[in-house]
Structures are given as C-alpha cells and as structure tokens.
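In the UniProt record's numbering, the protein residues as written are 1 to 371.
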C-alpha cells in the first residue's frame with residue numbers, strides 16, 4: 001500500500017542582507033542618508049524575521065500527551081488485532097484437527113475478526129507497523145494463488161520469506177476459494193491444504209506479535225528527555241492517516257475495472273465492512289473515544305477548532321456515503337461508488353490541506369511507498 005508521510009517544516013529564515021537594497025538604497029549612497037533611514041526599518045525587518053522563525057516552528061506535543069495518545073488511540077487497536085489473530089490461529093488449528101462445516105464457519109468468523117482488526121489498525125497506523133512493514137507481511141495483494149497451490153502440492157508449507165503466499169490474504173483464498181465458499185470444506189479436508197491454512201494463521205499471529213515490543217518501545221521513546229520522536233510524531237501519524245484513507249478509496253474499483261476480482265475483498269465480500277472499520281480506526285486516532293485523547297485535542301489546543309469541525313463534517317459525509325453502499329458489492333452502482341470515493345477524497349483533502357497546515361507539516365514520501 002502506498003504510504004504518504006509528512007516531515008516537519010524547515011525553519012523559513014527571512015534573509016535581511018543586503019537589507020537596504022529592499023528599501024531602494026544602494027551601497028554607494030552617502031553614509032548620512034543611509035544612517036538617517038537605517039535604524040527604524042532595520043528593527044522592523046528584524047521583527048519580521050523573528051516572527052517568521054516563530055511561525056515556522058511546528059508545535060511539538062509534550063511527553064504526557066504523546067504517550068497518552070498512543071496508549072489510548074493506538075494500543076487498544078493493536079490489542080484487538082492480537083486478540084483477533086490469536087482466535088483465528090486457534091480456530092484454524094481446531095478446524096484442521098476435525099474439519100467440518102461448523103468448524104469452517106467458526107474459522108471464517110475468526111478470520112474476519114482478525115482481518116477487520118487489521119483494517120481498523122491500518123486506518124491510522126503508526127510506530128512499529130511502518131518499521132516492520134506489517135501490511136506487506138499479513139495482507140499482501142494480489143494474493144499469488146498459483147504459488148500457494150504449488151507449495152500445497154509439494155507439501156512445502158508456508159514460505160516465511162515470501163509475503164505473497166502467507167498471512168491473512170492467503171488464508172482468505174483458502175477459506176473462500178475464488179468466490180466458491182461451498183466448495184472449500186471438501187478441499188480443506190486435504191491435510192496438506194488445511195496445514196497451509198493453519199500455517200498462514202500462525203504466521204500472521206507471529207507477525208502481529210512482532211509489534212508488541214515495538215509499541216512499548218515507541219511509548220518509552222516518546223516519554224524520553226530527547227524530543228526527536230515527539231517532533232516527528234505528527235508528521236508520521238498524519239501521513240499514515242492519509243495512507244489509510246487512500247487505502248479505503250482503492251477498495252472501490254472504477255466502472256471500467258468492475259470485474260469481481262477488481263475488488264480487494266472479492267473472495268470474502270468484505271469491502272463495505274473493511275472501509276467502515278478503516279474509518280473507525282481513523283476516528284479513534286483523530287477524535288479519540290470514551291474521553292480518551294485524540295489528535296483533535298491537540299489541534300483544538302492550538303486554536304484550530306474550525307479545523308476539527310471541517311474534519312468532522314468530512315468524516316460524517318464519508319460515513320453517509322458508505323451507508324448508501326450495499327453490503328453486497330455486486331449490487332453497488334458506479335454512482336454509489338463514485339459518491340463514496342468523492343467523500344473519502346474530501347476527508348483526505350481536509351486532513352492534508354487543513355490539519356497538516358494547522359500543525360505546520362508538509363507532505364512528502366518515505367521508503368514505505370509502494371507497500
């Protein structure tokens with residue numbers, strides 16, 4: 001998934017030399033003439049330069065807010081992802097020990113829980129998720145089904161080094177087939193195939209647990225005496241919010257692409273729910289929940305209540321457009337999809353054009369682009 005990030009604005013220093021040329025003087029004018037006019041304009045220019053420097057300093061959150069924000073808006077979503085991944089791994093193991101229809105449905109339900117927990121996390125991710133490239137590890141698209149079939153046929157099992165044949169996306173293929181869910185119970189009674197499902201679930205759980213120590217370390221770094229991580233906190237998180245919104249937009253194929261496999265979730269038909277929880281993840285990170293800290297708290301403290309109001313209006317518009325989209329992707333129209341794309345793009349524009357400006361950050365890219 002493409003990931004936009006932002007970086008702190010560099011100080012914009014107002015150049016004063018040679019200051020007198022800006023006032024129509026030249027260096028060969030008489031000294032008395034220059035002396036007469038020099039002092040007051042120089043003070044004015046110095047004040048302007050100072051104001052420019054002050055304005056260019058992006059606001060930096062204190063340690064208390066930074067740690068509280070991550071602990072209340074990010075860690076609960078990570079914990080939900082861990083819990084969902086654990087339940088999926090357990091369900092897959094139980095199903096493969098005794099494959100039947102009830103066990104298959106339970107495993108599908110656990111997979112959906114894990115996948116939606118990931119989508120909520122990806123709606124506004126941060127910290128170790130970028131460093132570990134978790135999205136590539138557990139949700140690589142498009143799934144390389146031919147390679148999966150080759151590994152199953154050879155009995156090789158899940159390749160821990162090939163992200164295209166592992167994780168939650170590989171498990172989706174094994175649980176639903178190519179939109180042929182009724183045929184999968186018989187296929188999964190093959191021991192090698194079910195072992196691959198179980199291995200995919202276990203591998204995804206390992207990848208998620210890789211983040212446990214990273215999140216703890218991130219909170220510790222944000223509370224440290226050095227403010228490096230706090231200075232970069234908003235630039236990273238706003239960029240990843242934008243990435244999450246863009247990911248939601250890309251889940252909606254355009255009319256010329258509207259073949260079944262143009263939808264990322266075409267096998268499980270999870271598109272509307274996936275977009276919904278991505279918006280949930282954004283909302284928790286931006287607005288907070290249950291009295292918990294959100295980015296909106298900091299934005300308001302900087303005197304930008306109007307910016308928060310614009311974000312809320314854009315978010316509500318996206319929610320309204322999503323509610324109009326049928327749960328069954330096959331019943332959606334291009335007009336409904338276009339309306340949702342437009343609303344999501346509007347939310348993205350407000351975050352990029354209003355929130356980023358309010359907090360003095362500029363958009364850029366990092367080495368995660370293309371994930």
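Yeah, the Cβ is synthetic: ideal placement off N, Cα and C, and Gly gets one too. Here the structure is a predicted model, which means the values were calculated and not measured.
- Item | Close-in-space but distant-in-sequence residues of the same chain around residue 300 (CB under 8 Å, 5 per side omitted) | Residue mapping note: residue 300 aligns to position 300 of the chain shown, counting from 1. Closer than 8 Å at the Cβ level, and outside the excluded window around residue 300, lie 308.
- Query: Using a Cβ-Cβ cut-off of 8 Å (strictly less than) and excluding sequence neighbours within five positions of residue 67, which residues of its own chain qualify?
  - Reply: Here residue 67 is taken as the residue at index 67 of the chain shown, counted from 1. For residue 67, where only same-chain residues beyond five positions count, the Cβ hits under 8 Å are 219, 222, 223.
- What do you get for residue 182, buried or exposed, if any count of 16 or more other CB atoms within 10 angstroms of its CB means buried? Stepping through the chain shown from its first residue, residue 182 is reached at position 182. Classification for residue 182: exposed.
- Could you have a look at residue 60 and say whether DSSP puts it in helix, strand or coil? Counting from 1 along the chain shown, the entry for residue 60 is found at position 60. It is coil, neither helix nor strand.
- Using 8 Å as the Cβ pair cut-off and three pairs as the minimum, do the stretch 221–240 and the stretch 183–197 touch? no
- What separation, rounded to the nearest whole angstrom, lies between the Cα atoms of residue 362 and residue 111? Indexing the chain shown from 1 puts residue 362 at position 362. Indexing the chain shown from 1 puts residue 111 at position 111. In a straight line, the C-alpha of residue 362 is about 38 Å away from that of residue 111.
- Message: My output table needs one value for residue 277: the three-state DSSP class, helix, strand or coil.
- Response: In the chain shown, the residue the question calls residue 277 occupies position 277. Helix, per DSSP.
- Give the range of the alpha helix (DSSP H) segment to which residue 295 is assigned. For the purposes of this step, residue 295 is taken as residue 295 along the chain shown, with counting starting at 1. Membership of residue 295 in the alpha helix (DSSP H) is indicated by the continuous run 295–301.
- If you draw a straight line from the C-alpha of residue 196 to the C-alpha of residue 158, how long is it? Sequence index remark: in the chain shown, residue 196 carries index 196 (1-based). Sequence index remark: in the chain shown, residue 158 carries index 158 (1-based). Cα to Cα, the separation comes out at about 6 Å.
- Nearest-angstrom Cβ-Cβ length linking residue 285 and residue 342, presumed shorter than 8 Å: Sequence index remark: in the chain shown, residue 285 carries index 285 (1-based). Sequence index remark: in the chain shown, residue 342 carries index 342 (1-based). In fact, because the Cβ distance is near 23 Å, the residues do not count as touching under 8 Å.
- Task: Kindly indicate if chain D contains any beta-carbon less than 8 Å away from that of residue 197.
- Result: No chain D is part of this structure, which consists of one protein chain only.
- Query: What is the rounded straight-line gap between the Cα of residue 294 and the Cα of residue 322?
  - Reply: Residue mapping note: residue 294 aligns to position 294 of the chain shown, counting from 1. Residue mapping note: residue 322 aligns to position 322 of the chain shown, counting from 1. Their Cα atoms are separated by approximately 23 Å.
- Message: Here's a check: name, in chain order, each residue in its chain whose Cβ is nearer than 7 Å to the Cβ of residue 24, leaving out the five neighbours to either side.
- Response: What you label residue 24 is simply residue 24 of the chain shown in a count that begins at 1. At residue 24 the pLDDT is 34, less than 50, meaning the model places this residue with poor confidence; the figure from the coordinates comes in the next sentence. No residues qualify anywhere along the chain.
- Item | Cα-Cα separation between residue 332 and residue 325, rounded to whole angstroms | Against the chain shown, residue 332 aligns to sequence position 332. Against the chain shown, residue 325 aligns to sequence position 325. Distance between the alpha carbons of residue 332 and residue 325 is about 6 Å.
- Alpha carbon to alpha carbon, what distance is there between residue 89 and residue 203? Residue numbering aside, residue 203 sits at position 203 when the chain shown is read from its first letter. Residue numbering aside, residue 89 sits at position 89 when the chain shown is read from its first letter. Taking the straight line joining both Cα atoms gives about 9 Å.
- Item | Span separating the alpha-carbon of residue 253 from that of residue 169 | To locate residue 253, count along the chain shown from 1; it is residue 253. To locate residue 169, count along the chain shown from 1; it is residue 169. Near 18 Å, if we compare the C-alpha coordinates of residue 169 and residue 253.
- Skipping 5 residues on each side, what residues in its chain have a beta carbon closer than 6 Å to that of residue 350? Along the chain shown, read from residue 1 onward, the residue named residue 350 stands at position 350. Same-chain partners within the cutoff: 310, 311, 314.
- Message: Let's see if you can read the secondary structure: which residues bound the alpha helix (DSSP H) around residue 252?
- Response: Your numbering for residue 252 matches position 252 in the chain shown. Neither: residue 252 is in no alpha helix (DSSP H) and is coded neither H nor E.
- Query: What is the DSSP secondary structure of residue 158, reduced to helix, strand or coil?
  - Reply: Looking up residue 158 in the chain shown gives position 158. The answer is coil: DSSP assigns residue 158 none of H, G, I, E or B.
- Item | Per-residue burial, residue 161 [other beta carbons within 10 Å of its own, 16 or more giving buried] | Within the chain shown, residue 161 is the residue found at index 161, counting from 1. With fewer than 16 other Cβ atoms within 10 Å, it is exposed.
- Task: Report back the beta-carbon spacing between residue 453 and residue 131 to the nearest angstrom; my notes put them in contact at under 8 Å.
- Result: An answer regarding residue 453 cannot be provided, because it is not within the stretch 1 to 371 covered by the chain.
- Select from 179, 316, 91 the residue whose C-alpha is nearest the C-alpha of residue 344. Position 344 of the chain shown holds residue 344. Checking every option, the nearest Cα to that of residue 344 belongs to 316.
- Message: Taking 8 Å as the threshold (C-beta atoms), are residue 118 and residue 148 in contact?
- Response: Against the chain shown, residue 148 aligns to sequence position 148. Against the chain shown, residue 118 aligns to sequence position 118. Their beta carbons are not under 8 Å apart, which means residue 148 does not touch residue 118 by this criterion.
- Item | Identity of the residue in 93, 81, 172 nearest residue 376 by Cα | Nothing can be reported for residue 376, as the shown portion of the chain is limited to 1 through 371.
- By the 10 Å Cβ neighbour count, where 16 or more other Cβ atoms means buried, how is residue 122 classified, buried or exposed? Here the question's residue 122 lines up with position 122 in the chain shown. It is buried - the Cβ of residue 122 has at least 16 other Cβ atoms within 10 Å.
- Task: Kindly list the residues whose CB is nearer than 7 Å to the CB of residue 273, restricted to its own chain and excluding five residues on each side of it in sequence; keep chain order.
- Result: Indexing the chain shown from 1 puts residue 273 at position 273. The answer, listed in chain order, is 116.
- Among 210, 318, 96, which one has its Cα closest to the Cα of residue 184? Counting from one through the chain shown, the residue named residue 184 turns up at place 184. Nearest option by C-alpha distance: 96.
- Task: Enumerate in chain order the residues of its own chain whose CB-to-CB distance from residue 101 is below 7 Å, with the five nearest sequence positions on each side excluded.
- Result: The residue labelled residue 101 in the question sits at position 101 within the chain shown. Once the five neighbours on either side are set aside, the close Cβ partners of residue 101 are 185.
- Buried versus exposed call for residue 146 [16 or more other C-beta atoms within 10 Å across all chains shown]: Mapped onto the chain shown, residue 146 falls at position 146. Per the 10 Å Cβ criterion, exposed.
- At what residues does the alpha helix (DSSP H) containing residue 338 begin and finish? Translated into the one-based positions of the chain shown, residue 338 becomes position 338. 334–350 is the span of the alpha helix (DSSP H), which, as asked, contains residue 338.
- Sequence-distant residues of the same chain with beta carbon closer than 6 Å to residue 103, five excluded per side: Against the chain shown, residue 103 aligns to sequence position 103. Cβ neighbours of residue 103 beyond the five flanking positions: 95.
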